[in-house]
Amino acid sequence: MNYIIKNVYGKTNGKKISVTVPGSKSITARALLIAAVAKGESTLYGAQFSDDCATFLNCLNKLGIKSEVNGTTVKILGCNGVLPEKNAEIYVGSAGTAARFIPALLAFQSGKYTLTCSDQMKKRPVKPLIDTLKALGARFEFHEKENSYPFTVYGTANPAEKAEVDITESSQFLSALLISAVCAGKRLKITARGSHGLDYVNMTVKMMREFGATVKTEKPQKNLQKNGKIENKYVVFGNYEAKTYRVEPDFSAACYFYAMNKILGTRVFAEGVTENGLQGDYKFIKLLQNFDGGKIDMSEFSDQALTLAAIAPYFKNPTEIRGIEHIRRQECDRIAAIVYNLTEMGVKCEEFADGVKIFPSQPKPAKIKTFGDHRVAMSFAVTGLRADGIEIENCEVCAKTFANYFETLDETVKKVTE
Numbered sequence: 000m001n002y003i004i005k006n007v008y009g010k011t012n013g014k015k016i017s018v019t020v021p022g023s024k025s026i027t028a029r030a031l032l033i034a035a036v037a038k039g040e041s042t043l044y045g046a047q048f049s050d051d052c053a054t055f056l057n058c059l060n061k062l063g064i065k066s067e068v069n070g071t072t073v074k075i076l077g078c079n080g081v082l083p084e085k086n087a088e089i090y091v092g093s094a095g096t097a098a099r100f101i102p103a104l105l106a107f108q109s110g111k112y113t114l115t116c117s118d119q120m121k122k123r124p125v126k127p128l129i130d131t132l133k134a135l136g137a138r139f140e141f142h143e144k145e146n147s148y149p150f151t152v153y154g155t156a157n158p159a160e161k162a163e164v165d166i167t168e169s170s171q172f173l174s175a176l177l178i179s180a181v182c183a184g185k186r187l188k189i190t191a192r193g194s195h196g197l198d199y200v201n202m203t204v205k206m207m208r209e210f211g212a213t214v215k216t217e218k219p220q221k222n223l224q225k226n227g228k229i230e231n232k233y234v235v236f237g238n239y240e241a242k243t244y245r246v247e248p249d250f251s252a253a254c255y256f257y258a259m260n261k262i263l264g265t266r267v268f269a270e271g272v273t274e275n276g277l278q279g280d281y282k283f284i285k286l287l288q289n290f291d292g293g294k295i296d297m298s299e300f301s302d303q304a305l306t307l308a309a310i311a312p313y314f315k316n317p318t319e320i321r322g323i324e325h326i327r328r329q330e331c332d333r334i335a336a337i338v339y340n341l342t343e344m345g346v347k348c349e350e351f352a353d354g355v356k357i358f359p360s361q362p363k364p365a366k367i368k369t370f371g372d373h374r375v376a377m378s379f380a381v382t383g384l385r386a387d388g389i390e391i392e393n394c395e396v397c398a399k400t401f402a403n404y405f406e407t408l409d410e411t412v413k414k415v416t417e
């Protein structure tokens with residue numbers, strides 16, 4: 000299904016309005032896994048159940064974790080670190096978080112588990128995590144390509160006491176390892192190497208501590224490097240205790256409406272989004288306050304690289320986004336998607352290995368190719384609010400994280416223009 004965006008530039012009323020966005024996908028996934036491993040029954044409020052999170056919960060159910068869902072509230076009976084099912088087949092679909100977090104959990108279990116996925120997920124990186132899990136003692140059988148999905152994992156009841164993981168391609172490798180480390184039954188020392196931002200890892204650590212686990216961290220020193228990559232060290236032990244937990248709104252979803260404010264002069268705010276939250280994407284909201292082009296390293300909040308690129312043509316100065324080489328290996332090559340769609344709109348841009356430079360100009364009518372990526376669809380929808388003839392192809396891809404995004408956008412546009 001295609002969606003034609005309505006140009007409302009110069010037609011807004013200046014009213015302050017609020018918008019409700021789904022719960023955070025990142026926090027929901029982490030809370031689901033921690034609650035599943037905890038002792039006792041946890042209740043999560045405000046959980047997001049888009050395609051990705053629904054897939055994640057289904058994976059846990061296949062592993063014998065009992066749950067009850069009522070709207071955005073979910074109750075989970077934890078297994079106290081030992082999964083009920085010792086032999087299971089699991090489908091992670093295109094859910095990147097599930098595809099990284101579930102194998103790490105299984106590596107610390109005594110059992111045989113076969114994991115399959117969508118064709119899209121087969122192309123996304125998972126080798127650094129698999130290498131780490133092998134070193135801990137887990138065994139893998141690969142059914143198509145070495146060190147890639149699909150595969151069978153045989154967990155270990157006696158993992159090694161130390162682990163090293165390269166997070167250059169994704170910080171999820173480290174978060175996956177940290178959360179499930181409590182299942183090792185002993186202290187696990189983890190060393191992470193790589194230049195990837197750690198905002199999502201910091202979120203993980205805070206949530207682990209909230210549920211009762213002990214996580215000790217060692218801040219990297221300037222001379223603490225190996226092969227040019229900074230080392231971050233963690234020690235994990237203890238257990239999770241069940242609790243009642245409220246999931247924050249999804250700051251990533253909220254950012255599209257703050258981008259709308261930037262290019263239209265509207266006054267839309269997302270309920271529950273504050274600078275005291277767990278999510279690093281608040282940095283994007285702060286950036287927009289005074290940004291009018293320039294060079295910016297977005298490695299720590301790279302999910303918003305597409306959003307910034309989508310509104311960059313409207314800035315006074317050229318916008319150069321760097322530090323995002325890893326987003327080439329997400330749902331699609333997001334840097335290439337930026338360049339393709341901006342070029343289709345007649346916007347001049349330059350592509351780099353780790354980013355893109357975008358020059359100011361008025362976008363022309365164009366069909367936006369989403370490449371099956373929800374963030375491409377949502378980001379370039381914002382571009383169309385200030386340009387004629389912007390049409391989003393396959394807008395249903397938003398179901399991955401924000402199923403009613405376009406309905407919410409319609410409602411918001413109506414409120415700021417009526």
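Mapping of the sequence shown onto numbering that gives the first Met the number 0: position 284 corresponds to residue 283, and the numbering continues sequentially without gaps. The C-beta atom is built at its ideal place from N, Cα and C for all residues, glycine as well.
Check the DSSP bridge columns for residue i and list the partner residues they point to.
{"i": "Cys348", "result": "Ile357"}
{"i": "Asp296", "result": "Arg321"}
{"i": "Leu114", "result": "Ile89, Phe150"}
{"i": "Ile391", "result": "Tyr2, Ile367"}
{"i": "Lys161", "result": "Lys188"}
{"i": "Ser231", "result": "Sequence check: residue 231 is Asn here, not Ser. BP columns for Asn231 point to Ala191."}
{"i": "Lys74", "result": "Thr42, Glu67"}
{"i": "Ile16", "result": "Val267"}
{"i": "Phe48", "result": "According to DSSP, Phe48 bridges with nothing at all."}
{"i": "Arg138", "result": "Tyr153"}
{"i": "Gly22", "result": "Pro248"}
{"i": "Lys236", "result": "According to the sequence as given, residue 236 is Phe; it is not Lys. The partner list for Phe236 (beta bridge, DSSP) reads Thr213."}
Between residue i and residue j, how many whole angstroms is the CB-CB distance? I'm expecting something under 8 Å.
{"i": "Gly80", "j": "Ser109", "result": "About 12 Å separates the two Cβ atoms, so there is no contact after all."}
{"i": "Phe300", "j": "Val272", "result": "About 14 Å; that fails the 8 Å criterion."}
{"i": "Ile4", "j": "Ile389", "result": "5 Å"}
{"i": "Ala87", "j": "Lys65", "result": "That pair is no contact at about 14 Å."}
{"i": "Glu392", "j": "Lys366", "result": "6 Å"}
{"i": "Lys38", "j": "Ala212", "result": "The Cβ separation is near 11 Å, so there is no contact."}
{"i": "Glu40", "j": "Leu76", "result": "5 Å"}
{"i": "Arg321", "j": "Lys294", "result": "7 Å"}
{"i": "Glu160", "j": "Lys185", "result": "7 Å"}
Classify residue i: buried if its beta carbon has 16 or more other beta carbons within 10 angstroms, exposed otherwise.
{"i": "Gly421", "result": "No answer is possible for residue 421: it lies beyond the span of the chain, which begins at 0 and ends at 417."}
{"i": "Phe141", "result": "exposed"}
{"i": "Thr131", "result": "buried"}
{"i": "Ile316", "result": "Note that residue 316 corresponds to Asn in the displayed sequence, not to Ile. With fewer than 16 Cβ atoms within 10 Å of its Cβ, Asn316 is classed as exposed."}
{"i": "Arg138", "result": "exposed"}
{"i": "Asn340", "result": "buried"}
{"i": "Ser378", "result": "buried"}
{"i": "Asp409", "result": "exposed"}
{"i": "Glu274", "result": "exposed"}
{"i": "Lys14", "result": "exposed"}
{"i": "Met0", "result": "exposed"}
{"i": "Gln288", "result": "exposed"}
Apart from the five residues just before and just after residue i, which ones in its own chain have a Cβ nearer than 8 Å to its Cβ?
{"i": "Leu263", "result": "Val7, Tyr8, Thr11, Leu384, Arg385, Val415"}
{"i": "Glu145", "result": "none"}
{"i": "Ser49", "result": "Pro21, Lys24, Ala398, Lys399, Thr400, Phe401, Ala402"}
{"i": "Val412", "result": "Lys5, Val7, Leu384"}
{"i": "Val214", "result": "Leu177, Val204, Met207, Arg208, Tyr233, Val234, Val235"}
{"i": "Lys122", "result": "Arg328"}
{"i": "Cys116", "result": "Tyr90, Val91, Gly92, Ser93, Ala98, Tyr148, Pro149"}
Would you give the residue range spanned by the beta strand (DSSP E) that residue i belongs to?
{"i": "Glu217", "result": "213-217"}
{"i": "Val68", "result": "65-69"}
{"i": "Glu417", "result": "Where Glu417 is concerned, there is no enclosing beta strand (DSSP E), given that its DSSP letter is neither H nor E."}
{"i": "Thr243", "result": "243-245"}
For residue i, which residues in the same chain have their Cβ closer than 6 Å to its Cβ, ignoring the five residues on either side in sequence?
{"i": "Thr216", "result": "Tyr233"}
{"i": "Lys85", "result": "Gly110"}
{"i": "Phe283", "result": "Cys254, Phe300, Gln303"}
{"i": "Leu187", "result": "Ala180, Val235"}
Tell me which residue opens and which closes the alpha helix (DSSP H) that residue i is part of.
{"i": "Phe250", "result": "250-263"}
{"i": "Phe379", "result": "373-382"}
{"i": "Ala97", "result": "95-106"}
{"i": "Lys285", "result": "281-287"}
{"i": "Asn79", "result": "Neither: Asn79 is in no alpha helix (DSSP H) and is coded neither H nor E."}
{"i": "Gln278", "result": "Note, Gln278: premise wrong, no alpha helix (DSSP H); not H, not E."}
{"i": "Glu343", "result": "333-343"}
{"i": "Gln303", "result": "No alpha helix (DSSP H) holds Gln303; DSSP gives it neither H nor E."}
{"i": "Leu62", "result": "It is not in any alpha helix (DSSP H) - Leu62 carries neither H nor E in the DSSP assignment."}
{"i": "Ile178", "result": "171-179"}
Who are the Cβ neighbours of residue i in its own chain at under 7 Å, not counting the five residues just before and after it?
{"i": "Cys58", "result": "Ile89, Val91, Ala97, Ile101"}
{"i": "Ser170", "result": "His195, Gly196, Leu197, Tyr199, Val200"}
{"i": "Phe55", "result": "Ala28, Leu31, Ala94, Thr96, Ala97"}
{"i": "Asp280", "result": "Phe250, Ser251, Cys254, Phe300, Asp302, Gln303"}
{"i": "Asp296", "result": "Arg321, Gly322"}
{"i": "Thr382", "result": "Ala309, Ile310, Pro362, Ile389"}
{"i": "Tyr404", "result": "Met377, Cys397"}
{"i": "Asp387", "result": "Asn6, Pro364"}
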